[in-house]
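Numbering (my numbering), first residue to last: 178 to 399.
Just so it is clear, CB atoms sit at the ideal spot from N, CA and C, and this is done for glycine as well.
Quick notes on the structure that follows.
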Ligand SMILES: C[S@@+](CC[C@H](N)C(=O)[O-])C[C@H]1O[C@@H](n2cnc3c(N)ncnc32)[C@H](O)[C@@H]1O
């Protein structure tokens with residue numbers, strides 16, 4: 178990946194946050210995630226967000242569940258700075274950890290009722306996603322919830338159509354070169370559902386989808 182587009186670069190991170198054109202669109206799937214957990218009447222003590230970036234997912238959960246602690250995990254130092262600012266009002270309810278989520282065996286996740294991740298996993302190769310899903314499943318307490326809000330592969334021909342229409346409805350970032358690179362095509366929904374099932378989630382589903390972005394949801398059995 179071009180160094181300019183690295184999440185380690187403070188300039189790139191500031192630019193990405195300033196041009197996050199689908200941030201508003203993702204409010205609905207984040208609210209759906211919060212709503213599904215609230216509907217389950219689960220005592221939420223800990224929420225972990227992987228590749229948390231500026232912290233929008235944690236913000237939604239910590240607001241809805243005032244007794245919960247948040248664990249922010251991301252590999253980027255400049256993102257940690259941005260998240261510390263955005264999440265400052267939650268004080269010591271948020272624990273910050275820099276770690277590489279593409280090496281899940283070393284993540285050492287504490288038990289949690291909810292684990293979220295958004296717009297990170299599509300950067301990973303298939304085997305890293307499978308291992309991450311297993312690690313997440315094993316860290317969840319019985320009845321716990323996993324949400325992956327991410328960009329997923331579409332059947333042949335659909336992604337270019339989606340991109341054309343999406344750019345008419347949602348403002349584009351200023352310069353296409355400034356959008357970050359993807360090393361491989363997005364993995365299809367069917368692959369994600371199969372990996373979630375083999376990780377132990379009995380009935381994973383797609384709770385929301387707009388164009389090629391979707392909310393995958395899995396619940397650990399009691
Ligand atoms: C597109 S941003 C999304 C941020 C946030 N989840 C959101 O949706 O607003 C991707 C984030 O994933 C993080 N990330 C990318 N690869 C990672 C890895 N291997 N381990 C941990 N974090 C990673 C980046 O640092 C960045 O904060």
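Should residue 295 be listed as close to ligand 1, given that the test is whether its C-beta is under 7 Å from any heavy atom?
-> Sequence index remark: in the chain shown, residue 295 carries index 118 (1-based). Indeed, a heavy atom of ligand 1 lies less than 7 Å from the Cβ.
Take the Cβ of residue 226 as the centre, count every other Cβ of all protein chains shown within 10 Å, and call the residue buried at 16 or more, exposed below.
-> What you label residue 226 is simply residue 49 of the chain shown in a count that begins at 1. Per the 10 Å Cβ criterion, buried.
C-beta atoms of residue 239 and residue 273 nearer than 8 Å | Locating residue 239 in the chain shown gives position 62, counting from the first residue. Locating residue 273 in the chain shown gives position 96, counting from the first residue. Taking 8 Å as the Cβ cut-off, residue 239 and residue 273 do not qualify as a contacting pair.
Is there at least one non-hydrogen atom of ligand 1 closer than 7 Å to the beta-carbon of residue 253?
-> Locating residue 253 in the chain shown gives position 76, counting from the first residue. Residue 253 Cβ: within cutoff of ligand 1.
If we call anything under 8 Å between Cβ atoms a contact, is residue 388 one with residue 341?
-> For this step, residue 388 is matched to residue 211 along the chain shown. For this step, residue 341 is matched to residue 164 along the chain shown. No.
What number of angstroms, rounded off, separates the C-alpha of residue 398 from the C-alpha of residue 188?
-> Against the chain shown, residue 398 aligns to sequence position 221. Against the chain shown, residue 188 aligns to sequence position 11. Looking at the two C-alpha atoms, the distance is approximately 43 Å.
Beta strand (DSSP E) containing residue 384: first to last residue?
-> Along the chain shown, read from residue 1 onward, the residue named residue 384 stands at position 207. 382-387 is the extent of the beta strand (DSSP E) around residue 384.
Less than 8 Å between the CB atoms is what I'm expecting for residue 288 and residue 316, so what's the real figure, rounded?
-> As a first step, residue 288 is located in the chain shown; it is residue number 111 there, counting from the start. As a first step, residue 316 is located in the chain shown; it is residue number 139 there, counting from the start. Correct: roughly 6 Å between the Cβ atoms.
How would you call residue 312, buried or exposed, if buried means at least 16 neighbouring beta carbons within 10 angstroms?
-> Translated into the one-based positions of the chain shown, residue 312 becomes position 135. So residue 312 counts as buried.
Residue 208 versus residue 301 - alpha carbon distance | For the purposes of this step, residue 208 is taken as residue 31 along the chain shown, with counting starting at 1. For the purposes of this step, residue 301 is taken as residue 124 along the chain shown, with counting starting at 1. Near 25 Å, if we compare the C-alpha coordinates of residue 301 and residue 208.
Beta-bridge pairing of residue 299 - partner residues as DSSP gives them | For the purposes of this step, residue 299 is taken as the residue at position 122 of the chain shown. The partner list for residue 299 (beta bridge, DSSP) is empty, contrary to what the question assumes.
Quick one: complete beta strand (DSSP E) runs, 3+ long, within the stretch 272-352?
-> 289-295 and 317-328
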